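Notes for the one structure printed next.
Numbering (my numbering), first residue to last: 44 to 442.
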């Protein structure tokens, strides 16, 4: 008796869902057992495609063009291409690799595109490699997530990249930009780009669905270019990591009318900046705020700034998390006082702290010793110890 007549199809779909993703062999076997199991099995087997240019295997490296041709032939199979949803394209900086990047015409059902560029340089808008990368966006209007990492690019080309994403991916919800830089010899071009006021496109304002934004270790002009292409009014989550103070100011102002509910800001390299009060006034009007600090001694100034901002308008902050890159010393007792004053100003706020210590550095204090630094907060049960909500990491791995 065929399996499909024994149980409802939904049962078999659920079983196949549980098999994925650990065993590709098991999924392949499922596809051979019963014809009705093929679609669900292939959905998981071909959902994610990882392709490296050039390949890491030395034998394939000698015939990398053939490697790309073989990949292209397999993807040309419409049954395979129709199930592909997530593409991770890793580009190694190795001469002219444009011919080794596969064509995008068959992969037209992608919902996630990740470009790991390994400091690949894009010299101009008409660069052959850049044209091929853009084709993955042009052929996939259902893209919901785009991630670009470690890219060296001319400002004009980066502007085209973001404009293409804004126009050709109208349902884009998540954008990750990490380590986007200009070539060393044209740094002044990015500086000029930074000084140009943002001019958000009216068409993008009508179509932008962007709700999650992560920017880390990027050139100053990246923010301005982003604001020219995307409207951020529907933004719910934003994380700004390791940017200069001017970029923080620009983005804080640009999101003043956004529906933000979660803001992560890395202040570990900033002890003071012009416009600090403006940033604090914005943060207290967001439900959940995460601040990354380097030292415990930096926390009182930040907490006092937030406390002053609580007296401005109608703050709505409910959760504050402080993430420290260094463990405290026994003399760091002023943090407890500052936390107490902040809590007395807004009794409903939930406060937590966590640590992100560099690898190889031993903790200089146990959890018990750290807890002793928070006398009042610890006695009243107002303080929690937990990790940073790095939602951008989980979002990148789930696709």
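Don't be surprised by glycine CBs; every beta carbon is placed ideally from N, CA and C. The structure displayed is predicted, hence computed values, not measured ones.
Quick one: using the 10 Å Cβ neighbour count with 16 as the cut-off for buried, is residue i buried or exposed?
| i | result |
| --- | --- |
| residue 302 | exposed |
| residue 387 | exposed |
| residue 219 | buried |
| residue 357 | exposed |
| residue 221 | buried |
| residue 354 | exposed |
| residue 167 | exposed |
| residue 290 | buried |
| residue 246 | For residue 246, the predicted model reports a pLDDT of 44, less than 50, meaning its position is unreliable; a value from the coordinates is still stated below. By the neighbour-count rule (16 or more Cβ atoms within 10 Å), residue 246 is not buried but exposed. |
Sorted by chain position, which residues of the same chain lie with C-beta nearer than 8 Å to residue i's C-beta, five sequence neighbours on each side aside?
| i | result |
| --- | --- |
| residue 431 | 307, 333, 335, 364, 366, 397 and 399 |
| residue 393 | 361, 362, 363 and 427 |
| residue 205 | 268, 269, 271, 272 and 273 |
| residue 320 | 348, 351 and 352 |
Pull up the distance between the alpha-carbon of residue i and that of residue j, whole angstroms please.
| i | j | result |
| --- | --- | --- |
| residue 418 | residue 375 | 12 Å |
| residue 267 | residue 343 | 32 Å |
| residue 452 | residue 225 | Residue 452 lies beyond the stretch modelled for the chain, which goes from 44 to 442, so this question has no answer here. |
| residue 215 | residue 253 | 6 Å |
| residue 276 | residue 416 | 41 Å |
| residue 299 | residue 378 | 29 Å |
| residue 261 | residue 422 | 42 Å |
| residue 263 | residue 171 | 26 Å |
| residue 337 | residue 437 | 23 Å |
| residue 331 | residue 383 | 19 Å |
| residue 373 | residue 341 | 15 Å |
| residue 173 | residue 429 | 42 Å |
| residue 227 | residue 198 | 12 Å |
| residue 251 | residue 169 | 26 Å |
| residue 329 | residue 339 | 23 Å |
| residue 146 | residue 433 | 34 Å |
| residue 435 | residue 297 | 21 Å |
| residue 390 | residue 345 | 18 Å |
Anyone know if the C-beta pair for residue i and residue j falls short of 8 Å?
| i | j | result |
| --- | --- | --- |
| residue 165 | residue 208 | no |
| residue 159 | residue 176 | no |
| residue 293 | residue 325 | no |
| residue 129 | residue 161 | no |
| residue 360 | residue 327 | yes |
| residue 93 | residue 131 | yes |
| residue 195 | residue 144 | no |
| residue 256 | residue 278 | yes |
| residue 350 | residue 385 | yes |
| residue 141 | residue 180 | no |
Quick one: residues in its chain with C-beta nearer than 6 Å to the C-beta of residue i, no 5 flanking neighbours on either side, listed in chain order?
| i | result |
| --- | --- |
| residue 427 | 395 |
| residue 280 | 255 and 305 |
| residue 89 | 123, 126 and 127 |
| residue 91 | 129 |
| residue 368 | 311, 337 and 399 |
| residue 178 | 147 |
I think residue i touches residue j, with their Cβ atoms under 8 Å apart; what is that distance to the nearest whole Å?
| i | j | result |
| --- | --- | --- |
| residue 283 | residue 258 | 6 Å |
| residue 193 | residue 157 | That pair is no contact at about 12 Å. |
| residue 217 | residue 182 | Not really, about 19 Å apart at Cβ, beyond 8 Å. |
| residue 271 | residue 202 | 7 Å |
| residue 223 | residue 265 | 5 Å |
| residue 186 | residue 153 | 6 Å |
What do you reckon, is the C-beta of residue i under 7 Å from a heavy atom of the ligand COA?
| i | result |
| --- | --- |
| residue 297 | In the structure shown, the ligand COA is absent, as is every other ligand, since no ligand is present at all. |
Against chain D, with Cβ distances strictly below 8 Å, would residue i count as a contact?
| i | result |
| --- | --- |
| residue 212 | Annotation note: the requested chain D is absent from the structure, which comprises a single protein chain. |
Return the chain-ordered list of same chain residues with a C-beta closer than 7 Å to the C-beta of residue i, the five sequence neighbours on each side being excluded.
| i | result |
| --- | --- |
| residue 347 | 381 |
| residue 148 | 182 |
| residue 420 | 379, 382, 383 and 426 |
| residue 184 | 211, 212 and 213 |
| residue 318 | 292 |
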